[in-house]
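Since the structure comes first, as structure tokens, the remarks are kept for the end.
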Amino acid sequence: MPGGEPSSSPYARCSRTSPSPRCSWSPGAVALARWRFACIEEKWTAGLKAPSTTPSLPTIAKPPRTGHPRLTSTLGCPVTAPFSWSGDERRWQTSEDGLVIDTAGRPPGLRSVLANPGYRRLWAARTVSQCGDVAQFVTVALLVLRLTGSGLGVSGVVVAEIAPVLLLAPLAGPLVDRLSRVRVMITSDLARLLLVSVLVVWHDNVVIVYAVAFGLSAGAVFFSPAANSLLPTLVNDDELVAANSGIWSAAVLSQVVLAPVAGLVAATAGFQWAFALNAASYAVSALVLRGLRTGEHPPPVTSSTIWAQGWEALSLLRSDRLLTTLAFAQALAALSAGATSALLVVLAARHLDQDGGGYGAMIAAIGVGAVLGPLILSRYAHRVRTEQVTFGAFGLRGIVDLLLATLTALPVALGSLALYGLGTSTGNVSFSSLIQSHVPPEVRGRVFSAFDLIWQSMRLVSLLIGGLLADTLGIRAVFYAGGVLLVIAALTGATASARSGRMRS
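Per this note's numbering, the very first residue in the sequence shown carries number 4; after that it's consecutive.
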């Protein structure tokens with residue numbers, strides 16, 4: 004090449020005349036700057052002499068809404084030739100337009116997505132709103148127990164949580180797809196703020212408490228699919244696992260930390276103050292969401308009625324092989340988890356011979372695993388396919404249920420339950436990420452609402468069957484059955500995924 008660089012030069016060699024023009028990041032350039040790329044393009048090709056002094060290096064600029072940097076040149080010529088370099092344990096390569104791609108395959112982490120202002124607002128709003136949901140459920144359950152003195156009365160709170168999903172999910176999905184998702188979330192928060200405010204003043208009538216609990220759950224029916232559908236518009240597909248991991252981790256931590264705090268506030272300061280803090284959480288969430296700018300536009304309506312749009316989502320679930328498999332696995336998982344989660348306290352007492360302290364340790368073990376799961380997944384997700392994580396998590400949880408039904412040692416149970424929590428969190432993160440990347444944006448709200456409907460309806464069936472099974476065949480039978488259902492879900496998903504892989508190949 005005319006005017007070629009000396010061998011000791013730290014700069015890469017660029018040529019547009021070669022068959023595969025490339026610039027390689029050399030050790031010298033790595034030493035000069037960690038995130039800088041040294042390349043003198045076209046000037047060497049044109050026969051100009053390479054400069055003897057260090058020029059201003061092109062730098063990598065990070066545009067909004069993407070974790071991929073682009074090159075900007077300060078050499079007087081644009082850096083547009085394809086190049087590749089490696090350094091700092093990462094390998095990068097540009098496309099023709101200068102887009103930098105991480106060829107090492109390592110996905111962005113939580114720190115990367117939190118640098119995105121849009122995601123940061125959504126994460127903050129969902130976290131604060133989730134805190135309100137946790138405080139609401141704990142406080143309402145304690146209040147109903149005080150007003151009724153009955154376990155049956157407390158079970159009514161669970162019914163009030165499930166019933167709105169069964170009744171309103173078919174309506175919520177189409178509305179989420181028709182309207183601005185940010186506005187749906189804000190409206191949901193404001194409605195729940197007003198409902199909780201009622202309990203700040205009137206919390207001595209159990210009928211009012213049930214009605215408010217129903218309304219709060221109804222608000223979540225609209226908030227959740229809107230938030231899940233909005234997330235893919237804020238981050239790239241390769242950032243979905245990290246983004247969902249951040250949201251899930253915050254949700255788990257809020258449950259672990261706020262559940263006892265909400266109970267303590269209700270017991271010491273009074274229920275009115277507990278509900279006031281709950282109302283404040285929804286107000287903060289709505290304020291945070293007001294500043295969220297997504298540039299989203301509601302997709303064109305393809306059906307004349309909301310009900311027709313709902314049928315479109317059901318048709319998609321039936322016609323799409325991946326969604327059909329996920330729906331079937333979700334139904335089996337709900338049939339398992341509904342009973343086993345509710346009856347874990349019975350297993351602790353009757354099978355493991357543990358008191359309240361032992362049961363508390365078992366719950367804590369699940370929480371530890373659930374917190375660790377997203378952290379591990381976001382770091383190593385690039386090594387496995389998302390489908391493998393999703394269906395593998397079902398299998399892991401199934402094996403844990405079988406172990407719990409067989410073994411009686413508390414340390415083994417604690418370790419197994421930590422794995423169960425890990426499987427639950429990683430499975431939920433990968434499950435959501437898979438749907439978000441697979442489903443077209445114009446139907447995401449309906450698809451997420453459909454999966455909510457499947458989960459809650461099968462969970463209700465599981466609660467009924469699980470109680471009968473525990474009374475007739477014993478608590479071990481419940482966990483054996485739950486484990487088998489989860490293993491079947493895993494095998495079904497693995498088989499479908501393998502078949503799909505063979506078809507693609």
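Backbone N, C-alpha and C define an ideal beta-carbon position, used for all residues, glycine too.
With contacts defined by Cβ atoms closer than 8 Å, S433 and T393 form a contacting pair.
In this chain, the alpha helix (DSSP H) harbouring Q275 covers F274 to R293. Taking 8 Å as the cut-off, the Cβ atoms of V238 and N119 count as close. Taken atom to atom, the span from the alpha-carbon of S318 to that of F451 is near 14 Å. V168 has its alpha-carbon roughly 16 Å from the corresponding atom of Q333. The closest CA to that of V446, considering only Q133, L320 and A223, is found on L320.
Fewer than three Cβ pairs drawn from the region 188-207 and the region 414-425 lie within less than 8 Å of each other, which leaves the two stretches out of contact.
Counting the other Cβ atoms within 10 Å of the Cβ of P263 gives fewer than 16, which makes it exposed.
Contact between V203 and Q139 is absent: CB atoms are separated by about 12 Å, not below the 8 Å threshold. Just so you know, the alpha carbons of S500 and A311 end up roughly 30 Å apart.
Inter-segment contact for the region 335-343 and the region 469-487 is present: three or more beta-carbon pairs are separated by less than 8 Å. Following the DSSP letters along the chain, one finds V141 inside the alpha helix (DSSP H) bounded by residues P120 to T151. In this model, G424 and L295 are separated by some 32 Å (Cα to Cα).
Annotation: the continuous alpha helix (DSSP H) that includes W251 extends over L243 to T271. Proximity to S115 across N208, V244 and L148 peaks at V244, based on C-alpha coordinates. By the C-beta density criterion, N431 is buried, having at least 16 other C-beta atoms within 10 angstroms. In this structure, V349 lies near A473, with their beta-carbon atoms less than 8 Å apart. Taking all protein chains shown into account, N231 has 16 or more neighbouring C-beta atoms within 10 Å of its C-beta and is therefore buried. Per DSSP, reduced to three states, the secondary structure at N431 is helical. With a cutoff of 8 Å on beta-carbon distance, P444 and T236 are scored as near each other. Taking G486 as the centre and dropping the five residues before and after it, the same chain places the C-beta of G401, D404 and L405 closer than 6 Å to its C-beta, in chain order. With 16 or more other Cβ atoms inside 10 Å of its own Cβ, S419 counts as buried.
Within the same chain, W126 and R129 come within 7 Å of I250 by CB-CB distance, once the 5 residues on both sides are set aside. Around the beta carbon of V387, a 10 Å sphere encloses fewer than 16 other beta carbons of the protein chains shown; the residue is thus reported as exposed. For A412, the secondary structure class from DSSP, reduced to helix, strand or coil, is coil. Of I478, F225 and T495, the smallest CA-CA separation from G395 is found for T495.
In this structure, L410 keeps its C-beta atom at 8 Å or more from the C-beta atom of G372. In the three-state scheme derived from DSSP, where H, G and I count as helix and E and B as strand, V238 is classed as coil.
For P228, the uninterrupted alpha helix (DSSP H) segment begins and ends at V209 to L233. Counting along the chain, D455 sits inside the alpha helix (DSSP H) bounded by residues R447 to L476. The distance from the Cβ of S252 to that of V131 is about 15 Å, inconsistent with a contact at the 8 Å cut-off. The shortest CA-to-CA distance from S440 to any of T271, V224, E390 and W205 is the one to E390. Just so you know, the alpha carbons of H385 and I438 end up roughly 17 Å apart. S115: member of the alpha helix (DSSP H) spanning L113 to L117, first to last residue.
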